[in-house]
Amino acid sequence: MHEGTIPVAELPGGFDMQATVESGQTYLWDRADGGMFEDDHAWGSDAWYHTVLPATLIDIDEPQVIRARQRDGHVEWNASTPEAPAYLTHLLRLDDNLDAIVDDCPDLPLLERAFAEYRGMRLVRDPPFPCLVSFICSAQMRVERIHGMCTRLAQQYGDAVSFGGDTYFAFPTPAQLADATETDLRDLSLGYRAPYVQRTAEMVATREADPAHARDLDYEAAREYLTQFVGVGDKVADCVLLFSLDFLEAVPLDTWIQTAIEEYYPDCDGDNYADTSRKIRRQFGDRYAGYAQTYVFFYLRTGGE
DNA sequence: TATCCAAGGTAAGTT
DNA sequence: AACTTACCTTGGATA
1 MHEGTIPVAE
11 LPGGFDMQAT
21 VESGQTYLWD
31 RADGGMFEDD
41 HAWGSDAWYH
51 TVLPATLIDI
61 DEPQVIRARQ
71 RDGHVEWNAS
81 TPEAPAYLTH
91 LLRLDDNLDA
101 IVDDCPDLPL
111 LERAFAEYRG
121 MRLVRDPPFP
131 CLVSFICSAQ
141 MRVERIHGMC
151 TRLAQQYGDA
161 VSFGGDTYFA
171 FPTPAQLADA
181 TETDLRDLSL
191 GYRAPYVQRT
201 AEMVATREAD
211 PAHARDLDYE
221 AAREYLTQFV
231 GVGDKVADCV
241 LLFSLDFLEA
251 VPLDTWIQTA
261 IEEYYPDCDG
271 DNYADTSRKI
281 RRQFGDRYAG
291 YAQTYVFFYL
301 RTGGE
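Take the first sequence: its position 146, counted from the start at 1, is 146 in UniProt numbering, and no numbers get skipped.
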């Protein structure tokens with residue numbers, strides 16, 4: 001067992017662990033106390049969270065378990081690898097200068113309120129394939145249930161990893177999910193998303209396409225590239241670009257943001273997805289529009305207005 | 001107790 | 001290219 005702490009004071013712009021992993025950007029973390037995504041708990045929790053880093057992401061033999069919590073100005077961690085601080089930095093974007101990002105965003109009242117409410121929340125940098133699958137599952141679904149689907153997929157198809165006397169499950173690899181049948185996946189309550197997940201996993205497993213390849217393309221071409229996966233339209237593609245592939249300008253146009261656009265930025269209501277996307281990106285600032293989107297999404301979803 | 005509805009959309013079929 | 005409709009599942013609201 002390796003362990004240590006990371007002082008939050010050394011992270012420009014601070015950090016809010018709970019807001020970062022429970023804001024609906026990622027479904028790949030879990031809470032040790034089982035309260036993940038419960039809407040009635042107080043914010044500012046110091047609960048332990050954990051995730052399993054896929055072996056493929058770092059090219060090692062075994063998936064690695066990373067546990068972390070935020071308390072008394074530190075991120076405390078313990079993990080199966082001494083490299084945990086570097087992985088936490090990668091997964092939770094601790095390398096972002098949050099102060100500079102917030103300064104770069106335009107002075108919009110709604111945005112100011114969202115930043116004020118959850119200052120310290122960072123975007124995540126999920127591994128590409130798990131991110132792709134989790135957002136295929138997100139279609140017409142509530143956050144608690146998306147998380148449940150991902151948990152069941154890991155328990156059913158992922159590699160078991162023992163750490164600290166407990167058993168954790170890595171997110172399944174493309175090959176592991178490609179071998180599942182539609183019926184198997186429907187039994188995990190994926191509903192009509194079941195064949196989408198199976199066929200997309202097959203595309204990645206056979207190297208027909210690779211979500212990580214989108215990283216090499218320009219933003220709109222990258223979004224187009226990702227829509228070749230089954231179950232992936234513009235919205236899910238934008239989620240993968242923003243929450244996994246470092247396209248901080250991507251603005252997923254989900255129902256919450258659509259409503260926000262109608263209410264707060266009617267001029268940005270365009271003729272189609274691409275048109276609205278360009279307009280809201282201009283409104284939120286070309287470089288970090290995705291950061292602005294995520295703060296606004298979480299702020300509205302938790303009752304702000 | 002039964003019915004209805006919406007939840008971070010997408011694919012397939014029609015104009 | 002723009003517009004409709006069907007699609008799994010489930011918890012909570014409504015009758």
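Glycine included, C-beta positions come from ideal geometry on N, C-alpha and C.
Note that the structure is predicted; figures quoted are calculated from it, not measured.
Sorted by chain position, which residues of the same chain lie with C-beta nearer than 7 Å to residue i's C-beta, five sequence neighbours on each side aside?
i      : result
Met36  : Glu22, Asp30, His147
Arg287 : Asp104, Leu248, Glu249
Leu92  : Thr20, Arg122, Val124
Glu62  : Ala55, Val161
Ile58  : none
Leu190 : Cys137, Met149, Val197
Arg186 : Ala194
Leu188 : Met149, Arg152, Leu153, Gln156
Quick one: using the 10 Å Cβ neighbour count with 16 as the cut-off for buried, is residue i buried or exposed?
i      : result
Arg142 : exposed
Glu220 : exposed
Arg223 : buried
Tyr27  : buried
Tyr49  : buried
Ile6   : buried
Ala9   : exposed
Gln64  : buried
Ala42  : exposed
Arg282 : exposed
Ile60  : exposed
Met1   : exposed
Ala180 : buried
Gln25  : buried
Ala32  : exposed
Asp95  : exposed
Pro252 : buried
Asp46  : exposed
DSSP state of residue i, grouped into three classes?
i      : result
Gln140 : coil
Glu3   : strand
Thr26  : coil
Glu76  : strand
Ser162 : strand
Phe284 : helix
Arg93  : coil
Ile60  : coil
Ala170 : coil
Arg207 : coil
Arg53  : In the sequence on display, residue 53 carries Leu and not Arg. Three-state DSSP puts Leu53 in a strand.
Arg122 : coil
Val65  : strand
Gln70  : strand
What's the gap between the Cα of residue i and the Cα of residue j?
i      : j      : result
Tyr291 : His90  : 16 Å
Asp159 : Ala201 : 16 Å
Tyr196 : Val161 : 27 Å
Leu110 : Glu305 : 7 Å
Gly270 : Thr167 : 49 Å
Pro106 : Phe284 : 6 Å
Ser277 : Asp218 : 15 Å
Arg199 : Arg71  : 42 Å
Asn272 : Thr183 : 35 Å
Pro211 : Lys235 : 15 Å
Gln18  : Cys268 : 31 Å
Thr255 : Cys239 : 13 Å
Gly165 : Ala139 : 35 Å
Pro12  : Arg69  : 19 Å
Asp275 : Tyr299 : 24 Å
Asp39  : Val230 : 31 Å
Leu108 : Phe163 : 46 Å
Report all residues from its chain with a CB closer than 6 Å to the CB of residue i; omit the five preceding and five following residues, and keep chain order.
i      : result
Gln176 : Tyr157
Cys137 : Ile146, Met149, Arg193
Arg215 : Leu245
Gly120 : Gly14, Phe15, Asp16
Lys279 : Cys268, Gly270
Arg67  : Trp48, His50, Asn78
Which same chain residues, not among the five before or five after residue i, have their C-beta less than 8 Å away from its C-beta?
i      : result
Ala154 : Val52, Phe169, Ala170, Phe171, Pro172
Pro85  : Gly4, Ile6, Trp77
Gly73  : Pro7, Val8, Ala9
Leu226 : Leu132, Pro211, Ala214, Val232, Val236, Ala237, Val240, Leu241
Ile257 : Val251, Ile280, Gln293, Val296, Phe297
Could you tell me whether the stretch 110-118 touches the stretch 293-301, where touching means 3 or more Cβ pairs closer than 8 Å? yes
Three Cβ pairs or more, each shorter than 8 Å: is that satisfied between the stretch 252-268 and the stretch 68-81? Not touching, per the Cβ criterion.
Taking 8 Å as the threshold, find out whether the stretch 124-143 comes into contact with the stretch 238-250 through three or more Cβ pairs. yes
May I ask you to verify whether the stretch 202-209 touches the stretch 90-99, counting CB pairs closer than 8 Å and requiring at least 3? no
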